[in-house]
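Those sequence lines, one after another, are chains A and B.
In terms of this note's numbering, the first sequence opens at residue 720 and continues consecutively.
In terms of this note's numbering, the second sequence opens at residue 720 and continues consecutively.
2 protein chains.
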Amino acid sequence: MATIRDVATEAGLSTATVSRVLNNNGRVNGALVARVNEAVSRLGYRANPLGRALRRQRTPIWGFLASDIEAPFFASILHGLEGQALTNGKLLMLCNTGEDLERERQYIQTALDYQFGGIVIAAASMTATELDVLKDEMPVVLVDRVSASYPDIDAVLVNNHLGAHAAVTHLLENDYRRIGLIAGPSYISTAHQRRAGYCSALGDYGIGVADDLIATGDFFAPSGYAAATALVTADQPADALFVANGQMAVGAYAAVRDLGLSIPDQLGFATFDDDLWMKLVDPSITVVRQPAYQLGEAAAHILLRKEAAEDPKAGEVVRHILEPELIVRASSSRGGP
Amino acid sequence: MATIRDVATEAGLSTATVSRVLNNNGRVNGALVARVNEAVSRLGYRANPLGRALRRQRTPIWGFLASDIEAPFFASILHGLEGQALTNGKLLMLCNTGEDLERERQYIQTALDYQFGGIVIAAASMTATELDVLKDEMPVVLVDRVSASYPDIDAVLVNNHLGAHAAVTHLLENDYRRIGLIAGPSYISTAHQRRAGYCSALGDYGIGVADDLIATGDFFAPSGYAAATALVTADQPADALFVANGQMAVGAYAAVRDLGLSIPDQLGFATFDDDLWMKLVDPSITVVRQPAYQLGEAAAHILLRKEAAEDPKAGEVVRHILEPELIVRASSSRGGP
DNA sequence: CCTCCTTGAGTAAACGATTACTTCAATCCT
DNA sequence: AGGATTGAAGTAATCGTTTACTCAAGGAGG
């Protein structure tokens, strides 16, 4: 492999000049620029990113932390992020935390060791982590989830309250009155906000929030199954279900099917996340669609802007909030969609 | 941040000795080892991986190339790989090629530039790429797909022929006789093998392969829709469909539903890949399940073994072939599952 | 007792870039 | 015309490791 030294020799110049040409730094005589470029292409030279990173004390690598890569929502964020990364010459490192704090901590340490150029986090608990250290060293963007502990970190979010409110209102408009909520863990901001949206929609209709109509899961499918079973087989059963994320909706849907209840006649059904199956099943499921891909792209743009800024630590805290979309399908109205 | 120099000073030793202790290289007096370790923990020292990589001419980073990260199959491979990567102190870089040769080429170049420790490829066309150069520089493992152009590269595969054969045989046993195949692009090895499995199963039953019962898609959903529509609305329509991957199955299933055909009575249905929705729809879909997560893990193990080997280029070519599993559900037999 | 080996530790040279500092020449101003 | 200023290019230090050499000391063998 040719090094910058080889290029310098080939062009009859110093490495400093070559470096300046390559990085478009400082003024260099046009003729020499040409000579350098010729030498570069003659030798097929490519700068060694490791040498560069060592000297610059920064790597053009972005990290992405999520709790579950296999979940379509996170996979989609990842995809959006990856597209921007490639376009802008960044590499994308992946970390699947599985909501495990220790893995999260370990990975943040890695980001520091490698001097990543930025990091996007959609991960587990946001309280006990080393985010403080991290955010002094590199641009950090929270995506999907925020934490009250970190009011000064940029974030790209979805208007969860609005989404939940719209879905529950829609169920109410279709004459469901005992709407059960399958909520997520309340220490996760999204779960909290969706619960709030549910409550506020009920409030708008003058309906009180009944504790026995709320079951809390863990955002994974099995808990959705359990929660749905409980809500639907109670003494005073729910007549509709609103599920706080796509994973739990899988479980909830399976439970409803196993119990032989017919949607939408016996039970209304709506959920957050527009996963593929939700429009394939019959009746198709009404969902609150999150712009996941755009979430990833938006996070990337924040990273890029921070990098370009002279002082990445200065500037306003960015809170980019994207709007979800209620997609009405067959599962939420008795008379057909 | 403390450097190895600081540790050396703190311990009253040279950097060479510290490095030897850290890497367990060469013999060092026990007392000094202790002194180094104390200094390390006193300073909270962590080796800078960039300096190390520059000197060693190798990075503990693995690359993963796939055509579509959002496809559950690849997401699952990714997950398996990522688990092993983290366990073994590797970082995982992601590349979504979208079957685009240029992106693939670009990414391979990146892997060379960064001197990755290994690369796992489940990507686009396997003919025109720079794989030749790559495989001389680092361990390469093909996953899911192989190419005749690269008989000497390790691979972790699924027995596609067997899987397709089993599924089609199962349809035949359930008295479907005009089984349509929605095939993938034949330059992709998996598509080719699944087609062969389909043909051989028909052959076993003394049924000839009819060209008008085979429609070729591109492994994405829209092509599945078109193919299914064509096969089912032909003059002599198919009475069952076997789909060569999960993405096209989405399209095919939607087409069947739009046409109002009832599965399994009017049409048998089976597909490769056990994506989530296939057991949620009613009737549930009979599938050939691929052990995707294990595919990722197995690829990781090959990388690890190669790395440990004194001469990574020597040794047998590994062809690890995992068995798929036929999961019979309701969509493939008229009398119920 | 002297030489030869072995062992363990230190010195310093890489690895491949970027950049502060220096140098030299040309231009400008008075 | 001569000193000050500017601009372009080169020299060499630096980023943080690893490791080929070097060196000193101690034990073994003659």
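Where is the CB? At the ideal position from N, CA and C, for every residue including glycine.
For residue j and residue i, the rounded distance between their alpha carbons
| i | j | result |
| --- | --- | --- |
| A1017 (chain B) | G808 (chain B) | 17 angstroms |
| N879 (chain B) | V859 (chain A) | 43 angstroms |
| R777 (chain B) | R771 (chain A) | 15 angstroms |
| E1042 (chain A) | V877 (chain A) | 6 angstroms |
| E823 (chain A) | L980 (chain B) | 48 angstroms |
| G836 (chain B) | N756 (chain A) | 30 angstroms |
| M997 (chain B) | F792 (chain B) | 13 angstroms |
| E892 (chain A) | S1003 (chain B) | 32 angstroms |
| A790 (chain B) | D937 (chain A) | 24 angstroms |
| Y826 (chain A) | C814 (chain A) | 7 angstroms |
| Q985 (chain A) | L978 (chain A) | 11 angstroms |
| T829 (chain B) | A1049 (chain B) | 47 angstroms |
| Y906 (chain A) | Q912 (chain A) | 10 angstroms |
| G927 (chain B) | L921 (chain B) | 7 angstroms |
| D863 (chain A) | L1014 (chain A) | 8 angstroms |
| P1010 (chain A) | A883 (chain A) | 15 angstroms |
| V875 (chain B) | G745 (chain A) | 50 angstroms |
| L1022 (chain B) | S919 (chain A) | 53 angstroms |
Contact with chain B by residue i, beta-carbon distance below 8 angstroms
| i | result |
| --- | --- |
| E801 (chain A) | yes |
| D1001 (chain A) | yes |
| R1024 (chain A) | no |
| P941 (chain A) | no |
| L773 (chain A) | yes |
| N879 (chain A) | no |
| T734 (chain A) | no |
| T888 (chain A) | no |
| T722 (chain A) | no |
| T1129 (chain A) | The requested residue 1129 (chain A) is not part of the displayed model; chain A covers only 720 to 1056. |
Under the three-state DSSP convention, the category residue i falls into
| i | result |
| --- | --- |
| R775 (chain A) | helix |
| F835 (chain B) | coil |
| G965 (chain B) | helix |
| T990 (chain A) | strand |
| I827 (chain A) | helix |
| I723 (chain A) | helix |
| R1048 (chain B) | coil |
| D873 (chain B) | strand |
| G817 (chain B) | coil |
| A959 (chain A) | strand |
| G749 (chain A) | helix |
| V1000 (chain B) | coil |
| R1008 (chain B) | strand |
| I982 (chain B) | coil |
| T952 (chain B) | coil |
Minimum Cβ-Cβ distance from residue i to chain A less than 8 angstroms
| i | result |
| --- | --- |
| T909 (chain B) | no |
| I796 (chain B) | no |
| G770 (chain B) | yes |
| I788 (chain B) | yes |
| N893 (chain B) | no |
| R765 (chain B) | yes |
| T1005 (chain B) | no |
| T935 (chain B) | no |
Same chain, Cβ closer than 6 angstroms to residue i, neighbours up to 5 away in sequence not counted
| i | result |
| --- | --- |
| A974 (chain B) | Y944, A947, T948 |
| V1047 (chain A) | T1005 |
| G899 (chain A) | L932, L950, A957, L960 |
| F991 (chain B) | A963, N964, V1007 |
Contact set for residue i: own chain, Cβ-Cβ below 7 angstroms, skip 5 residues either direction
| i | result |
| --- | --- |
| T734 (chain A) | I723, R724, A727 |
| V759 (chain B) | V726 |
Residue i: CB within 7 angstroms of a non-hydrogen atom of the ligand GDP
| i | result |
| --- | --- |
| Y906 (chain A) | The model on display carries no ligand, and the ligand GDP is accordingly not part of it. |
Contact set for residue i: own chain, Cβ-Cβ below 8 angstroms, skip 5 residues either direction
| i | result |
| --- | --- |
| H1020 (chain B) | Q803 |
| Q834 (chain A) | A772, Q776, R777, T778, E856, M857 |
| G763 (chain B) | A721 |
Select from the segment 945 to 973 of chain B all residues with a C-beta closer than 8 angstroms to any C-beta belonging to chain A, and list them in chain order. V969, Y972, A973
Using a Cβ-Cβ cut-off of less than 9 angstroms, give me the residues of the segment 828 to 862 of chain B that come near chain A, in sequence order. Q828, T829, L831, D832, Y833, Q834
Along the segment 801 to 822 of chain B, where does the CB come closer than 8 angstroms to a CB of chain A? Name the residues. E801, G802, L805, L810, L811, M812, L813, C814, N815, R822
Cβ-based contacts, 7 angstroms cut-off: residues of the segment 983 to 997 of chain B near chain A: L995, W996
Against chain A: residues of the segment 741 to 756 of chain B by CB proximity under 9 angstroms: none
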